[in-house]
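K.L.:
Attaching a single structure in structure tokens format; questions to follow.
Protein chains: 2
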Amino acid sequence: MNEFNIIDTFFKPKAAQSESDIASGIRLGVGDDCALISKSSDLDLAVSVDTLIEGVHFPESSPPDLIAHRALAVAISDLAAMGAEPRYFTLALTLPHADTDWLAAFSGGLHEAATQLNCAIIGGDTTRGQNVSLSIHVMGDVAKDQALLRSGAKVGDKIYVTGPLGDGAAALAYLQKRLTLQDRDLGDYLSRRFYKPQPQVRAGLALRGVASAAIDISDGLLADLGHICAASDVAARIETKRLPLTQPLLAQVALSHLQQWALSGGDDYQLCFTVAKKRQSKLMQKLAEAEFSAHLIGEIIPPGDPLVIVDGAEDLNLKRSGYQHFA
Amino acid sequence: MNEFNIIDTFFKPKAAQSESDIASGIRLGVGDDCALISKSSDLDLAVSVDTLIEGVHFPESSPPDLIAHRALAVAISDLAAMGAEPRYFTLALTLPHADTDWLAAFSGGLHEAATQLNCAIIGGDTTRGQNVSLSIHVMGDVAKDQALLRSGAKVGDKIYVTGPLGDGAAALAYLQKRLTLQDRDLGDYLSRRFYKPQPQVRAGLALRGVASAAIDISDGLLADLGHICAASDVAARIETKRLPLTQPLLAQVALSHLQQWALSGGDDYQLCFTVAKKRQSKLMQKLAEAEFSAHLIGEIIPPGDPLVIVDGAEDLNLKRSGYQHFA
Numbered sequence: 000m001n002e003f004n005i006i007d008t009f010f011k012p013k014a015a016q017s018e019s020d021i022a023s024g025i026r027l028g029v030g031d032d033c034a035l036i037s038k039s040s041d042l043d044l045a046v047s048v049d050t051l052i053e054g055v056h057f058p059e060s061s062p063p064d065l066i067a068h069r070a071l072a073v074a075i076s077d078l079a080a081m082g083a084e085p086r087y088f089t090l091a092l093t094l095p096h097a098d099t100d101w102l103a104a105f106s107g108g109l110h111e112a113a114t115q116l117n118c119a120i121i122g123g124d125t126t127r128g129q130n131v132s133l134s135i136h137v138m139g140d141v142a143k144d145q146a147l148l149r150s151g152a153k154v155g156d157k158i159y160v161t162g163p164l165g166d167g168a169a170a171l172a173y174l175q176k177r178l179t180l181q182d183r184d185l186g187d188y189l190s191r192r193f194y195k196p197q198p199q200v201r202a203g204l205a206l207r208g209v210a211s212a213a214i215d216i217s218d219g220l221l222a223d224l225g226h227i228c229a230a231s232d233v234a235a236r237i238e239t240k241r242l243p244l245t246q247p248l249l250a251q252v253a254l255s256h257l258q259q260w261a262l263s264g265g266d267d268y269q270l271c272f273t274v275a276k277k278r279q280s281k282l283m284q285k286l287a288e289a290e291f292s293a294h295l296i297g298e299i300i301p302p303g304d305p306l307v308i309v310d311g312a313e314d315l316n317l318k319r320s321g322y323q324h325f326a
Numbered sequence: 000m001n002e003f004n005i006i007d008t009f010f011k012p013k014a015a016q017s018e019s020d021i022a023s024g025i026r027l028g029v030g031d032d033c034a035l036i037s038k039s040s041d042l043d044l045a046v047s048v049d050t051l052i053e054g055v056h057f058p059e060s061s062p063p064d065l066i067a068h069r070a071l072a073v074a075i076s077d078l079a080a081m082g083a084e085p086r087y088f089t090l091a092l093t094l095p096h097a098d099t100d101w102l103a104a105f106s107g108g109l110h111e112a113a114t115q116l117n118c119a120i121i122g123g124d125t126t127r128g129q130n131v132s133l134s135i136h137v138m139g140d141v142a143k144d145q146a147l148l149r150s151g152a153k154v155g156d157k158i159y160v161t162g163p164l165g166d167g168a169a170a171l172a173y174l175q176k177r178l179t180l181q182d183r184d185l186g187d188y189l190s191r192r193f194y195k196p197q198p199q200v201r202a203g204l205a206l207r208g209v210a211s212a213a214i215d216i217s218d219g220l221l222a223d224l225g226h227i228c229a230a231s232d233v234a235a236r237i238e239t240k241r242l243p244l245t246q247p248l249l250a251q252v253a254l255s256h257l258q259q260w261a262l263s264g265g266d267d268y269q270l271c272f273t274v275a276k277k278r279q280s281k282l283m284q285k286l287a288e289a290e291f292s293a294h295l296i297g298e299i300i301p302p303g304d305p306l307v308i309v310d311g312a313e314d315l316n317l318k319r320s321g322y323q324h325f326a
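So the protein lines, in turn, are chains A and B. The C-terminal position of the first sequence is numbered 326 in numbering that gives the first Met the number 0, with every residue numbered one higher than the one before it. The C-terminal position of the second sequence is numbered 326 in numbering that gives the first Met the number 0, with every residue numbered one higher than the one before it.
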């Protein structure tokens with residue numbers, strides 16, 4: 000049983016509760032990148048929570064300032080995927096013991112990330128436990144009826160991603176010493192991509208009114224695009240050769256290996272989104288105005304099995320379709 | 000270094016950030032039971048996060064439905080302390096493995112608690128980790144400028160608590176088999192008090208415009224009343240003999256022992272609040288109208304050291320002033 004089944008099976012409100020949800024201001028509940036609650040006449044509040052655990056989501060003995068940065072960036076990526084503007088966060092921090100140096104470095108990194116990502120800490124809870132773990136709960140503003148959902152993709156829509164895929168998996172391999180690099184700069188680049196991923200907030204904001212569906216790529220393109228397909232009751236066809244890759248990595252890793260990582264590696268925190276034909280020109284206009292990228296990778300097709308058809312992936316081993324806890 | 004110092008030292012926003020907080024809608028940041036963010040012209044959203052860890056906050060192999068109930072009730076207690084009305088929560092759940100029976104029981108308890116406590120789940124994240132741990136992030140509505148803060152107590156204000164103290168510590172002793180009881184009903188009562196504490200939401204709502212300061216008693220009366228004193232720049236004098244106790248416990252536990260638990264045991268989730276003399280009659284009126292209790296235990300006095308003077312506690316060992324992580 001994977002994470003998605005757990006949430007669907009056990010934590011969606013019962014039908015009886017769902018009706019009263021509407022009255023109590025829940026505009027979107029469990030099941031998308033964020034929930035939406037009604038904030039004012041023109042704004043909704045997008046809320047999301049992410050947990051990072053030492054040894055599971057980041058290597059043991061990671062620098063504490065980088066753990067903090069990664070945790071906040073990863074949480075904000077869910078706001079980006081909804082087209083929400085980051086506002087506030089709370090931190091639940093569990094530590095084996097109160098090491099003042101560790102805490103000073105951690106909080107330094109957290110405050111730096113909060114400033115860079117324009118999201119203010121408003122509360123927290125610290126507890127003692129065996130492992131370092133953090134839950135960050137983020138909140139952001141989104142104009143009413145403007146949030147990007149997973150459920151709006153239609154047959155014929157084009158599929159895009161905002162940037163190179165596979166970096167997250169390459170970075171993890173590098174940090175875990177499964178990938179050795181001659182190129183020191185490339186190593187630094189990968190470390191940054193792992194610890195300081197750039198949530199695509201600008202892209203999310205620009206895509207409101209343009210994209211028909213969106214998600215952030217945390218579990219791998221196949222898994223996350225699969226969520227769009229499931230929520231939209233469609234399927235997708237993508238072309239392996241169109242996947243944007245980080246070129247310097249190709250000097251170190253076989254193309255098929257990098258493509259495999261791009262399809263199913265996870266941890267990229269780019270957005271995957273769909274755009275209807277009639278909105279393509281609007282997308283081009285947004286791309287010219289705003290500082291983000293869009294790479295066409297495929298098209299939405301009628302529902303079928305599998306949810307995502309990958310052309311040109313005959314040589315790839317794609318069994319592991321995304322990072323799944325408890326898998 | 001204890002939990003409070005950690006939050007004060009490391010996680011309060013820097014001064015430079017504080018100014019921009021106002022512009023970005025933060026009405027109250029780190030340091031009270033909840034943060035407050037501006038929601039609409041007449042409402043603020045109170046937000047708080049609480050983490051519970053197996054073996055630290057509840058015994059290992061606790062029934063999963065009761066873990067869920069306790070976690071939500073404890074988190075909502077912070078909303079009660081602010082005079083906020085519970086609305087929504089998210090759950091970050093960490094488990095060593097995905098045990099379907101455990102998850103079914105847990106989610107059953109969670110949905111039951113959500114219905115009882117009138118708070119709807121809107122999101123969640125599940126991750127794999129060595130121990131069971133949960134962070135619950137609650138959100139509630141409070142009318143603008145009506146929130147109960149820790150910082151409003153004035154010299155001469157009377158100090159009250161909403162119900163019996165010491166039950167939390169007695170319950171923990173009972174569950175840990177340090178306290179054996181002949182009386183089965185009393186054991187059941189204590190288990191209920193531990194796993195299903197009643198957050199004092201009605202009291203908190205009724206106390207808006209009446210109490211000058213309030214806090215919920217999670218870390219023990221001395222520690223939590225101490226927070227009111229520190230935030231209000233006052234001290235407190237309380238009378239041990241006025242502490243409300245659960246009478247049947249006195250057949251099993253020495254009076255001095257129970258008083259000690261009442262003062263410093265923690266886990267009671269009653270409210271401690273202060274009321275100015277001129278508001279006493281309003282308090283009496285509220286008590287007549289609303290279903291909650293208030294027990295007078297002392298008075299606010301000018302600032303001094305210690306923050307809380309305990310009359311009639313000469314025989315008690317009060318070294319352990321509240322439950323402190325990392326202490």
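Just so you know, even glycine gets a beta-carbon here, dropped at the ideal spot from N, CA and C. This one's a predicted model, so the numbers in the text were calculated from it and none came from an experiment.
Just checking: is the beta-carbon of Val73(B) within a distance shorter than 8 Å of some beta-carbon in chain A?
P.N.:
Judged by the 8 Å Cβ criterion, Val73(B) is not in contact with chain A.
K.L.:
How long is the line joining the alpha carbons of Pro62(B) and Gly139(B), rounded to whole angstroms?
P.N.:
Pro62(B) and Gly139(B): Cα-Cα distance of roughly 28 Å.
K.L.:
Pull up the DSSP beta-bridge partners for Phe291(B), would you.
P.N.:
DSSP lists no partner for Phe291(B).
K.L.:
When burial is assigned at 16 or more other CB atoms within 10 Å of the CB, is Met81(A) buried or exposed?
P.N.:
Answer is buried; the Cβ neighbour count reaches 16.
K.L.:
Residues in the same chain with beta-carbon distance under 8 Å from Ala104(A), minus the five sequence neighbours each way, listed in chain order, please.
P.N.:
Same-chain partners within the cutoff: Pro62, Pro63, Asp64.
K.L.:
Let me check you understand the geometry: is the CB of Ile66(A) closer than 7 Å to at least one non-hydrogen atom of the ligand FMN?
P.N.:
Ligands in the displayed structure: none, and consequently the ligand FMN is not present.
K.L.:
With 16 as the cutoff for other CB atoms within 10 Å, does Ala34(A) come out buried or exposed?
P.N.:
Flag for Ala34(A) reads buried.
K.L.:
For chain A, is any of its Cβ atoms less than 8 Å away from the one on Lys38(B)?
P.N.:
Answer yes: the Cβ-Cβ gap between Lys38(B) and chain A drops below 8 Å somewhere.
K.L.:
Compare the C-beta of Phe193(B) with all C-beta atoms of chain A and state if any pair is closer than 8 Å.
P.N.:
Taking Cβ atoms only, chain A never reaches closer than 8 Å to Phe193(B), which makes this a no.
K.L.:
Using a C-beta cutoff of 8 Å, does Ser132(A) count as contacting chain B?
P.N.:
By this cut-off, Ser132(A) is an interface position.
K.L.:
What residue range is occupied by the uninterrupted beta strand (DSSP E) comprising Val335(B)?
P.N.:
The shown model of chain B, from 0 to 326, leaves out residue 335(B), and the question about it has no answer.
K.L.:
Taking all protein chains shown into account, do 16 or more other C-beta atoms lie within 10 angstroms of the C-beta of Ala212(A), making it buried, or fewer, making it exposed?
P.N.:
Burial call: buried.
K.L.:
Taking the beta strand (DSSP E) that Val48(B) belongs to, which residues open and close that run?
P.N.:
Where Val48(B) is concerned, the enclosing beta strand (DSSP E) stretches over 42-52.
K.L.:
Does the stretch 223-237 of chain A touch the stretch 267-276 of chain A, meaning 3 or more C-beta pairs lie closer than 8 Å?
P.N.:
These segments touch.
K.L.:
Do you know whose CA, among Leu185(A), Gly225(A), Thr179(A), lies nearest Ile299(A)'s CA?
P.N.:
Among Leu185(A), Gly225(A), Thr179(A), the Cα nearest to that of Ile299(A) is on Gly225(A).
K.L.:
Closest Cβ-Cβ distance between Tyr87(A) and chain B: below 8 Å?
P.N.:
Yes, contact with chain B.
K.L.:
In chain order, what residues of the same chain lie with their CB nearer than 6 Å to the CB of Arg192(B), ignoring the 5 residues before and after it?
P.N.:
Asp166, Ala170.
K.L.:
If you run the structure through DSSP and keep just helix, strand and coil, what is Met138(A)?
P.N.:
Strand at Met138(A).
K.L.:
When you compare the CB positions of Gln115(A) and Thr161(A), do they come within less than 8 Å of one another, or not?
P.N.:
Cβ atoms of Gln115(A) and Thr161(A): not closer than 8 Å.
K.L.:
Give the residues of chain A in contact with Gln367(B), contact being defined as C-beta atoms less than 7 Å apart.
P.N.:
Past the edges of chain B, shown from 0 to 326, lies residue 367(B), and the structure says nothing about it.
K.L.:
In whole angstroms, what separates the C-alpha of Leu286(A) from that of Val307(A)?
P.N.:
The straight-line gap from Cα to Cα measures roughly 26 Å.
K.L.:
So what does Glu313(A) bridge to, in DSSP terms?
P.N.:
Glu313(A) pairs with nothing; no bridge assigned.
K.L.:
Could you pull the start and end residues of the beta strand (DSSP E) that Ala91(B) belongs to?
P.N.:
Segment 84-94, the beta strand (DSSP E) holding Ala91(B).
K.L.:
Mapping DSSP to helix, strand and coil, what is Val160(B)?
P.N.:
DSSP places Val160(B) in strand when its eight states are reduced to three.
K.L.:
Report the neighbours of Ile5(A) on chain B: residues whose CB is nearer than 7 Å to its CB, in chain order.
P.N.:
Those are Ala97, Leu102, Thr125, listed as they occur along chain B.
K.L.:
Drop a sphere of 10 angstroms on the beta-carbon of Gly123(B), count the other beta-carbons inside from all chains shown, and report buried for 16 or more, exposed for fewer.
P.N.:
Counting Cβ neighbours within 10 Å, Gly123(B) comes out buried, since at least 16 surround it.
K.L.:
Cβ closer than 8 Å: which chain A residues qualify as neighbours of Val55(B)?
P.N.:
Chain A residues near Val55(B): Thr126, Arg127, Gly128.
K.L.:
Would you please verify whether the beta carbon of Ala119(B) is less than 8 Å from any beta carbon of chain A?
P.N.:
Yes, Ala119(B) lies at the interface with chain A (some Cβ there is under 8 Å from its Cβ).
K.L.:
Does the stretch 246-259 of chain B touch the stretch 141-155 of chain B, meaning 3 or more C-beta pairs lie closer than 8 Å?
P.N.:
No, they do not touch.
K.L.:
Report the three-state DSSP secondary structure of Cys118(A) (helix, strand or coil).
P.N.:
Correct three-state label for Cys118(A): coil.
K.L.:
Curious, which full-length beta strand (DSSP E) runs of at least 3 residues does the stretch 224-308 of chain A contain?
P.N.:
Listed in chain order, the complete beta strand (DSSP E) runs (minimum 3 residues) inside the stretch 224-308 of chain A are 234-238, 270-274, 294-300.
K.L.:
Under the rule that 16 or more other beta-carbon atoms within 10 Å means buried, what is Ser263(A), buried or exposed?
P.N.:
Classification for Ser263(A): buried.
K.L.:
Is the beta carbon of Asp31(A) sitting closer than 8 Å to the one on Leu185(A)?
P.N.:
No, the pair does not count as a contact, with Cβ atoms beyond the cut-off.
K.L.:
Any idea if Ser60(B) is buried or exposed, counting beta-carbon neighbours within 10 angstroms, 16 or more meaning buried?
P.N.:
Ser60(B) should be labelled exposed.
K.L.:
Classify Thr239(B) as buried or exposed, calling it buried when 16 or more other Cβ atoms lie within 10 Å of its own Cβ.
P.N.:
Counting Cβ neighbours within 10 Å, Thr239(B) comes out buried, since at least 16 surround it.
K.L.:
What alpha helix (DSSP H) runs, 4 residues minimum, are completely inside the stretch 149-220 of chain B?
P.N.:
Complete alpha helix (DSSP H) runs here, min 4: 166-174, 183-194, 200-205.
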